[in-house]
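Engineer:
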Amino acid sequence: MRTERAQMEDRPDIVAVMVGIAVEGPYSYRVPPGMAVARGSIVAVPLGPRLIQGVVWGPPKDVVAHSRLRDIAHAYDVPQLSEELLKLVEWVAKYTLAAPGQVLRAVLRSTEALDAPKPVVAYRRTGREPEKLTPARLRVLDALMDDLAWPKSALIGATGVSPSVIDGLERAGAVEKLEMPPPPVVLPPDPDTDIATLSEAQQQALAQITALDPHQFGVALLDGVTGGGKTEVFFEAVADTLRAGRQALILLPEIALTNTFISRFTKRFGTKPAEWHSDMTPLQRARVWRGVLDGTVRAVVGARSALFLPFRELGMLVLDEEHDGAYKQADGITYHARDMAVVRAHLSNARVILSSATPSVETRNNANVGRYAHVLLTSRFAEASMPNITAIDMRIDGPEKGQWIAPLLAREVFAALDRGEQALLFLNRRGYAPLTLCKSCGHQYQCPDCSAWMVEHRFRGVLMCHHCGHEVRTPKVCEKCGDTESLTAVGPGIERIAEEAAARFPDAKRVILSSDMGSNAQLRERFSEIERGEFDLIIGTQLVSKGHHFEKLSVVGVLDADLGLAHGDPRAAEKTFQILTQVAGRAGRASKTGKAFLQTYHPDHAVMKAMVSGDREAFYAHELMAREAGGLPPFGRLAALIVSANEHDAAMNFAKKLLSAAPMADGVRLFGPADAPVAMVRGRHRVRLLAQSGKDFDLSGYVRFWLGSAEKVTGNLRVQVDIDPMSFM
219 MRTERAQMED
229 RPDIVAVMVG
239 IAVEGPYSYR
249 VPPGMAVARG
259 SIVAVPLGPR
269 LIQGVVWGPP
279 KDVVAHSRLR
289 DIAHAYDVPQ
299 LSEELLKLVE
309 WVAKYTLAAP
319 GQVLRAVLRS
329 TEALDAPKPV
339 VAYRRTGREP
349 EKLTPARLRV
359 LDALMDDLAW
369 PKSALIGATG
379 VSPSVIDGLE
389 RAGAVEKLEM
399 PPPPVVLPPD
409 PDTDIATLSE
419 AQQQALAQIT
429 ALDPHQFGVA
439 LLDGVTGGGK
449 TEVFFEAVAD
459 TLRAGRQALI
469 LLPEIALTNT
479 FISRFTKRFG
489 TKPAEWHSDM
499 TPLQRARVWR
509 GVLDGTVRAV
519 VGARSALFLP
529 FRELGMLVLD
539 EEHDGAYKQA
549 DGITYHARDM
559 AVVRAHLSNA
569 RVILSSATPS
579 VETRNNANVG
589 RYAHVLLTSR
599 FAEASMPNIT
609 AIDMRIDGPE
619 KGQWIAPLLA
629 REVFAALDRG
639 EQALLFLNRR
649 GYAPLTLCKS
659 CGHQYQCPDC
669 SAWMVEHRFR
679 GVLMCHHCGH
689 EVRTPKVCEK
699 CGDTESLTAV
709 GPGIERIAEE
719 AAARFPDAKR
729 VILSSDMGSN
739 AQLRERFSEI
749 ERGEFDLIIG
759 TQLVSKGHHF
769 EKLSVVGVLD
779 ADLGLAHGDP
789 RAAEKTFQIL
799 TQVAGRAGRA
809 SKTGKAFLQT
819 YHPDHAVMKA
829 MVSGDREAFY
839 AHELMAREAG
849 GLPPFGRLAA
859 LIVSANEHDA
869 AMNFAKKLLS
879 AAPMADGVRL
889 FGPADAPVAM
899 VRGRHRVRLL
909 AQSGKDFDLS
919 GYVRFWLGSA
929 EKVTGNLRVQ
939 VDIDPMSFM
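Here the sequence shown is numbered in the numbering used here, starting from 219 and rising by one per residue.
1. Identify whether S911 lies in helix, strand or coil by the three-state DSSP scheme.
2. Output the distance between the C-alpha atoms of T314 and S918, rounded to the nearest integer angstrom.
3. Whole angstroms is fine: what's the gap from G649's alpha carbon to P617's?
4. Locate the alpha helix (DSSP H) running through L626, then write down its first and last residues.
5. Return helix, strand or coil for I260, following the three-state DSSP convention.
6. Let me know if S382 comes out buried or exposed under the rule of 16 or more other beta-carbons within 10 Å of its beta-carbon.
7. Return helix, strand or coil for A651, following the three-state DSSP convention.
8. Do L535 and L525 have their C-beta atoms closer together than 9 Å?
9. Looking at C-alpha atoms only, which residue of A897, A419, R887 and A879 is the closest neighbour of K913?
10. Judging by CA-CA distance, which residue of F889, A883, P401 and M870 is the nearest neighbour of P337?
11. Going by alpha carbons, who is nearest to L594 out of P605, L572, I607 and M612?
12. Buried or exposed for V263, going by 16 or more other Cβ atoms inside 10 Å?
13. Name, in chain order, the residues that DSSP records as bridge partners for P369.
14. Using a 10 Å radius around the Cβ and a threshold of 16 neighbouring Cβ atoms, would you call R582 buried or exposed?
15. In the DSSP assignment, what are the bridge partners of W494?
16. Using beta-carbon positions only, say whether W368 and R327 come within less than 9 Å of one another.
17. In terms of alpha-carbon separation, which member of D408, G272 and P297 lies closest to P318?
18. If you follow the alpha helix (DSSP H) that S562 is in, where does it begin and where does it stop?
19. Cβ atoms of L771 and G812: under 9 Å apart, would you say?
20. Considering just the uninterrupted stretch of the beta strand (DSSP E) at S862, what are its terminal residues?
21. With which residues is M236 paired in a DSSP beta bridge?
22. Go through its chain and collect everything with a Cβ distance to E580's Cβ below 7 Å, but skip five positions before and after it.
23. What does G488 pair with, by DSSP beta-bridge criteria?
24. Could you work out which residue in R728, G700, N567 and S523 is closest to L643 when comparing CA atoms only?
25. Excluding the five sequence neighbours on either side, which residues of its own chain have a C-beta within less than 7 Å of the C-beta of M398, listed in chain order?
26. Which residues in the same chain as V235 place their Cβ atom closer than 8 Å to its Cβ, once the five residues preceding and following it in sequence are excluded?
27. Could you have a look at K930 and say whether DSSP puts it in helix, strand or coil?
28. Measuring alpha carbon to alpha carbon, tell me which of G758, A814, R750 and D754 ends up nearest V774.
29. Quick one: using the 10 Å Cβ neighbour count with 16 as the cut-off for buried, is K395 buried or exposed?
30. State the Cα-Cα distance for the pair A651 and G679, rounded to the nearest angstrom.
31. Expressed to the nearest angstrom, what Euclidean distance is found between the alpha-carbon atoms of G926 and Y920?
32. My assumption, with CB atoms under 8 Å, is that R922 sits in contact with S862. Please give the rounded CB distance.
33. Got a sec? Which residues, its chain only, sit under 8 Å from P891 by beta carbon, not counting five neighbours each side?
34. Could you please give the first and the last residue of the uninterrupted alpha helix (DSSP H) stretch that includes T574?
35. Spatial neighbours of S911 within its chain, please: CB distance less than 6 Å, with the 5 preceding and 5 following residues excluded, ordered by chain position.
36. Could you tell me if V631 is buried or exposed, where buried requires 16 or more neighbouring beta carbons within 10 angstroms of its beta carbon?
Below, the structure written as structure tokens:
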């Protein structure tokens, strides 16, 4: 079989180019005389009336007459994308059923990243003295006494002069203008700057990870208790990768976690890592992207989309809190960053560290069967003890009517505050109350565009839908019956808990932490203030459960520990166990012994029993047994097809046609169609089909064949495919 390179040499003037839009395959273009391109070259090509970025994919698949082809307009002077990245694009497209061009769009960046970086204008003394020497001019010349070239902006900042002063010195011949290359995005991290002093357990964990060849594929599950020092271990593994001359990528589930994490990275490696997340400016992202491609950026800390950065020497991928649901991309290309990280590492001959105190059931099973190295940290760092966990039976010891904090928890919070320690009240529900209704007529406020209740946010004075963002001012009278005294909030939200906490603990300095309360920068500042001990009582949602280290925090109260178990989600037990473990693990992370209290109506549930007994092995064994009996992941595979339309009947009828077109195949079971649990979002009705198969069945290929032989969507109909869904909403 002839190689693509040989085929391109046969016809060097015609190549296939994959463009960065949702297309199923590459288009053929002519290579104009004098232009040299190869597989992986980034180019601009005409498509219709506009120029669009693309990547040379190889030789053309079809023979097309030269006269019908258009020329490549421009070849960018940047290194080619690596072969492993091109293969990743193809793999992701095939697995998720996304168009290859759509996946490629996640790789390509703006022209700022592809154009040569602009030089920095700088000034240096010439040795000539100007005829007129003003105080402002003297300050500039004094600053330049080191004979180094200063960027104009830095010179203005250091001396306080106006730009015209520097321009005048240039005209007088006292300084000369230079063009210098821009400084690097970040300096290379030094793997030997501040090597951590590890405990014996951490050293053993690191030895297991570094036993994996730094130039070969391998996966390690770093399975350690909260506060066990997992970060220090994988930092040393990153250092090992940098010493081997390879690049490293660390993924975090939330942007709000980056501030503290960046500080810890900087202390360990002597310089900041490059960052990659949605809070960055387009120019910052462009510079990081180019630095990754040309190899000047050696380490990146980022969100899940950093998986598609153009690394050429990728040697390690770390997923911190690998179990976190934020690693699932739900819009556009529906991929899971954990799974894609393992695939990319395999293509790159790189190592992967999946770090968590509560590994996903799939990851834990891979470790159980020996597919991943299982690296355990069973005790907290510096001999800190694990928190004592108590279940409060709300049927017996619950709070008085109209209150949400049980008496036992309230007493423990009082005691912690009296000792000068911090306490955390956790409720995984944003807003003031999840439902507003009229006591006179029973009217319930529902989003007009979604099958979801409008959540009251009393601080902002609005009712808001958490699915589409629709909001209205909180009404004063019932829109149904006109009663002015009948509207009432049903159930607690985080704001309502804060209101009760203010009444119960009036002297405590309180802070509310929720993802919809401020920008990411404001949230990061709140976390820094908590770490400094500036707040006594923290009232938070899921945001507070992830990777934070609050030394003064000794008491955690989970006010509705059963909340995640109320849905018909096959992953409900796993998700509930993970978030309860993570939240409880915030308590007692330094020298103080922590306490955690779970308010529950189901103290005998397997999750609650595992939490109280500390027997997580029993939980994983129980959950794996239940998954295997039901043929669910990791013992089976699932694919969800969501049919949506402006009209319910249109969505349901098309879903029925889709079901009737499903090919017969041994080992595949189809369920539905049925209204999705969230049956309407943003005015679109949603109907769900579910396919289930064995773990060795090519479910992606089956669904692709199914959709290819079914009636095509028309009008406002849409079909979204989610291979390996993490949510069943």
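For glycine and all other residues, C-beta sits at the position ideal for the given N, C-alpha and C.
Structural biologist: If we stick to the structure as given:
1. DSSP places S911 in strand when its eight states are reduced to three.
2. Roughly 7 Å separates the two Cα atoms.
3. The predicted position of G649 is uncertain, since its pLDDT is 49 and thus under 50; a value taken from the coordinates is nonetheless stated next. The C-alpha of P617 is placed about 21 Å away from the C-alpha of G649.
4. Residues P625 to D636.
5. I260: strand per DSSP, three-state reduction.
6. Within 10 angstroms of the beta-carbon of S382 lie fewer than 16 other beta-carbons, which makes it exposed.
7. Only weak support exists for where A651 lies, its pLDDT of 48 falling under 50; the value from the coordinates is given anyway. It is a strand residue.
8. Result yes, Cβ atoms of L535 and L525 sit closer than 9 Å.
9. When C-alpha distances from K913 are compared across A897, A419, R887 and A879, the shortest belongs to R887.
10. The residue with the shortest Cα to Cα distance from P337 is P401.
11. Just measuring C-alpha positions, the residue of P605, L572, I607 and M612 sitting nearest L594 is L572.
12. Flag for V263 reads buried.
13. Checking the DSSP bridge columns, you'll see P369 partnered with A340.
14. Looking at its Cβ environment, which holds 16 or more other Cβ atoms inside 10 Å, R582 is buried.
15. G520.
16. W368 is not a Cβ neighbour of R327, given a cutoff of 9 Å.
17. Of D408, G272 and P297, the residue nearest in Cα terms is G272.
18. The displayed chain sequence assigns Arg, not Ser, to residue 562. Looking at the DSSP string, the run of the alpha helix (DSSP H) that includes R562 is A555 to S566.
19. Yes, the pair counts as a contact, with Cβ atoms nearer than the cut-off.
20. G854 to A863 is the extent of the beta strand (DSSP E) around S862.
21. M236 pairs with V273.
22. Only P851 and P852 meet the Cβ criterion.
23. BP columns for G488 are empty, so no partner.
24. Distance from the Cα of L643 is smallest, within the candidate group R728, G700, N567 and S523, for R728.
25. In the same chain as M398, and ignoring 5 residues on each side of it, the C-beta atoms closer than 7 Å to its own belong to P337, V338, A340 and A367, in chain order.
26. Same-chain partners within the cutoff: P244, Y245, S246, Y247, V261, V263, G272, V273, V274, W275 and I290.
27. K930: coil per DSSP, three-state reduction.
28. Out of G758, A814, R750 and D754, A814 has the C-alpha closest to the C-alpha of V774.
29. Looking at its Cβ environment, which holds fewer than 16 other Cβ atoms inside 10 Å, K395 is exposed.
30. Note that A651 scores a pLDDT of 48, beneath 50, so its modelled location is shaky; the value from the coordinates is reported in the next line. Whole-angstrom Cα-Cα distance: 12 Å.
31. Each residue's alpha carbon lies about 10 Å from the other.
32. Contact between R922 and S862 fails: their C-beta atoms lie close to 20 Å from each other, not under 8 Å.
33. Non-local C-beta neighbours of P891 in its own chain, meaning closer than 8 Å and more than five positions away in sequence, comprise V861, M870, A873, K874, L876, L877, V905, R906 and L907, ordered along the chain.
34. In the sequence as displayed, the identity of residue 574 is Ser instead of Thr. No alpha helix (DSSP H) contains S574, which is instead part of the beta strand (DSSP E) from R569 to S574.
35. Within the same chain, S911 has close Cβ partners R855, G885, V886 and L917.
36. The residue in question, V631, is buried, as its Cβ has 16 or more Cβ neighbours within 10 Å.
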